[in-house]
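First comes the structure, then the notes that go with it.
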Amino acid sequence: MKINGNIIFVTGEIARSNANQLSAVSCRSKMPPFDEDEIYVLASYLESEITGEALAIIEILSCQSKYQSMMVASGVLPSILKFLDTQYREFHSIVMKILCTLSCNADVGYHIVYLDFIPKLVTFLGDHNQARFCIKIIR
Numbered sequence: 369m370k371i372n373g374n375i376i377f378v379t380g381e382i383a384r385s386n387a388n389q390l391s392a393v394s395c396r397s398k399m400p401p402f403d404e405d406e407i408y409v410l411a412s413y414l415e416s417e418i419t420g421e422a423l424a425i426i427e428i429l430s431c432q433s434k435y436q437s438m439m440v441a442s443g444v445l446p447s448i449l450k451f452l453d454t455q456y457r458e459f460h461s462i463v464m465k466i467l468c469t470l471s472c473n474a475d476v477g478y479h480i481v482y483l484d485f486i487p488k489l490v491t492f493l494g495d496h497n498q499a500r501f502c503i504k505i506i507r
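369 is the number of the first residue of the sequence shown in my numbering; add one for each residue after it.
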């Protein structure tokens with residue numbers, strides 16, 4: 369959230385409410401504009417109690433070409449990739465969708481190789497729900 373041009377971190381129920389409102393707005397109309405700092409703040413919510421909401425917003429942003437390179441430049445990718453290394457299976461699908469979208473239109477291939485996540489993606493080839501995303505990402 370920005371107040372007078374300064375980014376502030378909001379936690380707890382306020383953060384969840386703000387994320388839910390932003391998701392609702394984005395489903396009905398155009399997403400409000402984001403800048404790189406706001407994407408960075410959004411990425412910080414990936415390690416909070418509103419992880420699911422933050423991932424949902426990132427998925428929406430990843431579909432818009434103006435945000436794709438900004439997301440990669442802001443350092444969101446390593447935070448997203450961490451979820452493939454966890455047991456939180458409910459986040460695997462949304463992370464794979466984000467990576468798939470970004471890999472088609474942004475230069476994330478280099479980052480996936482650099483961050484050594486190709487072996488992790490290969491392990492998802494055995495999951496019929498994730499295999500199609502893996503193939504698109506690896507291509």
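Using N, Cα and C, we set each Cβ at its ideal position, and we do this for glycine too. Please read these numbers as outputs of a predicted model, since none were measured by experiment.
Would you grab the beta carbon distance between residue i and residue j for me? Rounded to a whole angstrom, and I think it's under 8 Å.
{"i": "residue 465", "j": "residue 501", "result": "7 Å"}
{"i": "residue 410", "j": "residue 462", "result": "About 14 Å; that fails the 8 Å criterion."}
{"i": "residue 442", "j": "residue 407", "result": "5 Å"}
Does the distance from the CB of residue i to the CB of residue j come in under 8 Å?
{"i": "residue 490", "j": "residue 470", "result": "no"}
{"i": "residue 402", "j": "residue 435", "result": "yes"}
{"i": "residue 433", "j": "residue 473", "result": "yes"}
{"i": "residue 468", "j": "residue 505", "result": "yes"}
{"i": "residue 429", "j": "residue 488", "result": "no"}
Should residue i go down as buried or exposed, given a rule of 16 or more other Cβ atoms within 10 Å for buried?
{"i": "residue 481", "result": "exposed"}
{"i": "residue 421", "result": "buried"}
{"i": "residue 448", "result": "buried"}
Once you ignore the five residues that flank residue i on each side, which residues in its own chain have a CB closer than 7 Å to its CB?
{"i": "residue 444", "result": "407, 411, 426"}
For residue i, I'd like the list of residues in its chain whose CB is within less than 6 Å of its CB, leaving aside the five on either flank, ordered along the chain.
{"i": "residue 414", "result": "422, 447"}
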